[in-house]
Amino acid sequence: MKPHYSNQQRKKKRYLYAFIFLAILNTVQHAYDIGSDASSPYRLVGGLVFFATVLYFRLKEKRWAEIAIKFVVWFNVIALFVILLFMGLSVIV
-1 MKPHYSNQQR
9 KKKRYLYAFI
19 FLAILNTVQH
29 AYDIGSDASS
39 PYRLVGGLVF
49 FATVLYFRLK
59 EKRWAEIAIK
69 FVVWFNVIAL
79 FVILLFMGLS
89 VIV
């Protein structure tokens, strides 16, 4: 028998999975850009420390970590739409 989760718990898990995906994607991007001037090893390590700290405190059920995860996820979603918008506008012009 499957465990029953409330909608709020499902939403929290979705944010957590999206956050983990974004953390991996961000880390790979910074590791790939290490050779160029666009990124530095300090930024890569700082990002890893940030993601690990927020994830640790989220697993400890801290409210501020939950808010930080939601902020990171929505910030990345909005940034993606802005990038796609400007890419579309540059193709039209």
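The numbering of the sequence shown is my numbering, which starts it at -1 and goes up by one. C-beta: ideal position from N, C-alpha, C; glycine also.
query                                                                                                                                            : result
For a test of the three-state rule: what should DSSP assign to S88, helix, strand or coil?                                                       : helix
Could you give the DSSP three-state label for E64: helix, strand or coil?                                                                        : helix
Could you tell me if H2 is buried or exposed, where buried requires 16 or more neighbouring beta carbons within 10 angstroms of its beta carbon? : exposed
Starting from H28, trace the alpha helix (DSSP H) in both directions and tell me its first and last residue.                                     : 5 to 30
Is the beta carbon of I67 less than 8 Å from the beta carbon of F17?                                                                             : yes
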